[in-house]
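Visitor: Sending over a structure as structure tokens; questions will come in a sec.
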Amino acid sequence: MNWIAEDQKYVFQTYLKQPLLIVKGKGSHVWDEKGKKYLDFFSGLSVDNLGHCDPDVARAISDQARKIVHTSNLYYTLPQIQLAKMLVEKSFPGKVFYCNSGAEANEAAFKLSRRWAKKHGLGNEIIAFENSFHGRTFATVSLTGQPRYQRGFEPMAEKAVFAKFNDLESVGSLATEKTCAIFVEPVQGEGGVQPATKQFMEGLRQLCDQKKLLLVFDEVQCGMGRTGNFFAFQHYGVKPDVLTLAKALGGGLPIGAVVARDEVAALFERGDHGATFGGNAVVCRAAMEVVKILSPAFLKSVKRKGEILHQGLSKLKSKFPFIREVRGLGLMQGLVLNRSGKIYVDKAREAGLLINCTHDTVLRLLPPLTLSEPELRKGVSILESALS
6 MNWIAEDQKY VFQTYLKQPL LIVKGKGSHV WDEKGKKYLD FFSGLSVDNL
56 GHCDPDVARA ISDQARKIVH TSNLYYTLPQ IQLAKMLVEK SFPGKVFYCN
106 SGAEANEAAF KLSRRWAKKH GLGNEIIAFE NSFHGRTFAT VSLTGQPRYQ
156 RGFEPMAEKA VFAKFNDLES VGSLATEKTC AIFVEPVQGE GGVQPATKQF
206 MEGLRQLCDQ KKLLLVFDEV QCGMGRTGNF FAFQHYGVKP DVLTLAKALG
256 GGLPIGAVVA RDEVAALFER GDHGATFGGN AVVCRAAMEV VKILSPAFLK
306 SVKRKGEILH QGLSKLKSKF PFIREVRGLG LMQGLVLNRS GKIYVDKARE
356 AGLLINCTHD TVLRLLPPLT LSEPELRKGV SILESALS
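Our numbering applies: residue 6 is where the sequence shown begins, and numbers increase by one.
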């Protein structure tokens, strides 16, 4: 059967898919229907941070599915409460709201911003950043600083203004009496794997404190150990008022979460917000296992592997003049080219390596945090062949 033709016949064609039907995954590898093996340096867009079919996560899912899968948020379940405690202890004092995706988490943060504005007599304008990405819903795409995601859906549902990333002067010029919050990714993912500077993050915190603005960190892609710290904001010594999470949190299952300071969390009263599947017992149990695995020793190994990857990519930069820059944190790295990167994604796949191109010219590498150092070096070697 021609599965690609079947997909085109029955599935919305909203993704530009590569000609690859994946039927199995284990650890750092996946296999297609013909049995060809691929080294996965994309991790399901940073969802499979622990690789494919992690045995501990799989056992947790199976165990919970035999007990209770779903109740509704009109009742209590232990996994939901236990995971919330774990996330707060890993981040900052506050409370957790559960949903199903990164876009939903950012929607909740958006609504909290509106409540914050009303409480403090602020305007309803939000500062976001050029090249940012916060989701596909109307509110979150309104906050996304890439016109291509908004094209054809105008007018946008919400008012946002876009500052230059890593430019405090640009942010300051937009912060007025109309402003209520600043949304920022500590590392821009879809925007080309661009990390924030420490000075920039510190400056945002100071500005928000001075003007009583809400500071929201979107760690949907860069959180959960991806950069070598549990959360990316921990590289900067700066804490947000609101933190949004998703992707890797569920170990492959769909979950979103918002962590907010107590004062901010209290802005939502009973009935103000909700999500039918938010905090589902099975996904929370999977997420608990993910949090347990991301121990200090594990994260130390991620930093080490991030250094090896960066060194390997830097060698490629010295060899290929069309590579302009290597940038990123931990195992979230990008090769910035002076040309389109699509052909290199295709060549790498043909050679058995899965990577991604974002922002047209940035080869994005998001390997599993669990991969071995030999697998890491093999991936760089295959990439070198593709670039050749």
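Cβ atoms here follow ideal geometry from the backbone N, Cα and C, with glycine treated the same way.
I want to know whether the segment 105–121 touches the segment 309–324 - three or more CB-CB distances under 8 Å.
Guide: no
Visitor: If F102 and A262 are in contact, beta carbons under 8 Å, what's the gap, nearest whole angstrom?
Guide: Position 97 of the sequence shown, counting from 1, holds the residue named residue 102. Position 257 of the sequence shown, counting from 1, holds the residue named residue 262. That pair is a contact at about 7 Å.
Visitor: Less than 7 Å between the C-beta atoms of L218 and A186, yes or no?
Guide: Within the sequence shown, the letter at position 213 stands for residue 218. Within the sequence shown, the letter at position 181 stands for residue 186. Yes; because the gap between Cβ atoms is below 7 Å, this pair is in contact.
Visitor: Under 6 Å Cβ to Cβ from C289, same chain only, skipping five residues before and after it: list those, please.
Guide: Locating residue 289 in the sequence shown gives position 284, where the first residue counts as 1. When the five nearest sequence neighbours on each side are left out, the beta carbons in the same chain lying within less than 6 Å of the beta carbon of C289 are those of P84, Q85 and L88, in order along the chain.
Visitor: Does the beta-carbon of G126 have 16 or more other beta-carbons within 10 angstroms, so that it is buried, or is it exposed?
Guide: For this step, residue 126 is matched to residue 121 along the sequence shown. So G126 ends up on the exposed side.
Visitor: Would you list the residues sitting across from I27 in a DSSP beta bridge?
Guide: For the purposes of this step, residue 27 is taken as the residue at position 22 of the sequence shown. The partner list for I27 (beta bridge, DSSP) reads D37.
Visitor: CA-CA distance, E224 and F97?
Guide: Mapped onto the sequence shown, residue 224 falls at position 219. Mapped onto the sequence shown, residue 97 falls at position 92. Per the coordinates, the alpha-carbon of E224 lies some 14 Å from the alpha-carbon of F97.
Visitor: Please go through the same chain and pick out, in chain order, the residues whose beta-carbon is closer than 8 Å to the beta-carbon of V93, but skip the five residues on each side of it.
Guide: Translated into the one-based positions of the sequence shown, residue 93 becomes position 88. Cβ neighbours of V93 beyond the five flanking positions: G99, K100, V101 and V264.
Visitor: Among I298, M337 and G49, which has the Cα closest to the Cα of G233?
Guide: For the purposes of this step, residue 233 is identified with residue 228 of the sequence shown, where counting begins at 1. Cα-wise, what sits closest to G233 is M337.
Visitor: Check whether the segment 197–206 touches the segment 240–259, taking contact to mean three or more Cβ pairs, one atom from each stretch, closer than 8 Å.
Guide: Yes, they touch.
Visitor: So, for I313: in the same chain, excluding its five sequence neighbours on each side, which residues have a beta-carbon less than 8 Å away from its beta-carbon?
Guide: Locating residue 313 in the sequence shown gives position 308, counting from the first residue. The answer, listed in chain order, is E378, L381 and R382.
Visitor: Using the beta-carbon count (16 or more within 10 Å), is I387 buried or exposed?
Guide: Counting from one through the sequence shown, the residue named residue 387 turns up at place 382. Buried, because 16 or more other Cβ atoms sit within 10 Å of the Cβ of I387.
Visitor: When burial is assigned at 16 or more other CB atoms within 10 Å of the CB, is E112 buried or exposed?
Guide: Working through the sequence shown from its first residue, we reach residue 112 at position 107. Its Cβ being crowded by 16 or more others within 10 Å, E112 is buried.
Visitor: Taking the alpha helix (DSSP H) that T145 falls in, what are its first and last residues?
Guide: Translated into the one-based positions of the sequence shown, residue 145 becomes position 140. It spans F143 to S147 - the alpha helix (DSSP H) in which T145 sits, taken as one unbroken run.
Visitor: Nearest-angstrom Cα distance between G150 and V287?
Guide: Counted from its first residue, the sequence shown places residue 150 at position 145. Counted from its first residue, the sequence shown places residue 287 at position 282. One alpha carbon belongs to G150, the other to V287, and they sit about 34 Å apart.
Visitor: Taking 7 Å as the threshold (C-beta atoms), are L340 and L374 in contact?
Guide: Within the sequence shown, numbered from 1, the residue matching residue 374 stands at position 369. Within the sequence shown, numbered from 1, the residue matching residue 340 stands at position 335. Not closer than 7 Å, so no.
Visitor: Can you grab the Cα-Cα spacing for the pair F235 / S319, in whole Å?
Guide: Position 230 of the sequence shown holds residue 235. Position 314 of the sequence shown holds residue 319. So the two alpha carbons sit approximately 25 Å from each other.
Visitor: Alpha carbons only, please: which of A63, A108, G384 and N129 is nearest the one belonging to K310?
Guide: Residue mapping note: residue 310 aligns to position 305 of the sequence shown, counting from 1. Looking at the Cα atoms, G384 is the closest of the given residues.
Visitor: With distances taken from CA atoms, which of F327, R266, D267 and G257 is nearest M293?
Guide: Working through the sequence shown from its first residue, we reach residue 293 at position 288. Measuring from the Cα of M293, the nearest candidate turns out to be G257.
Visitor: Hey, E130 and T184 are a contact pair by Cβ (cut 8 Å); roughly how many whole angstroms apart?
Guide: For the purposes of this step, residue 130 is taken as residue 125 along the sequence shown, with counting starting at 1. For the purposes of this step, residue 184 is taken as residue 179 along the sequence shown, with counting starting at 1. That pair is a contact at about 5 Å.
Visitor: DSSP three-state label for D53, please.
Guide: Translated into positions along the sequence shown, residue 53 becomes position 48. Residue state, collapsed to three classes: coil.
Visitor: In the DSSP assignment, find the unbroken beta strand (DSSP E) run with N361 in it and report its ends.
Guide: The residue given as residue 361 occupies position 356 in the sequence shown. N361 -> beta strand (DSSP E) spans N361 to T363.
Visitor: Between which two residues does the beta strand (DSSP E) carrying M337 extend?
Guide: Translated into the one-based positions of the sequence shown, residue 337 becomes position 332. Run containing M337: M337 to L342, per the beta strand (DSSP E) assignment.
Visitor: Pop quiz: V198 and R332 are said to be a contact at Cβ under 8 Å. What is the actual Cβ separation, rounded to whole angstroms?
Guide: The residue labelled residue 198 in the question sits at position 193 within the sequence shown. The residue labelled residue 332 in the question sits at position 327 within the sequence shown. Contact holds; Cβ gap of about 6 Å.
Visitor: Figure out for me which residue from P60, E109, F222 and S300 has the closest Cα to the Cα of S137.
Guide: As a first step, residue 137 must be located in the sequence shown, where it is residue number 132. Checking every option, the nearest Cα to that of S137 belongs to F222.
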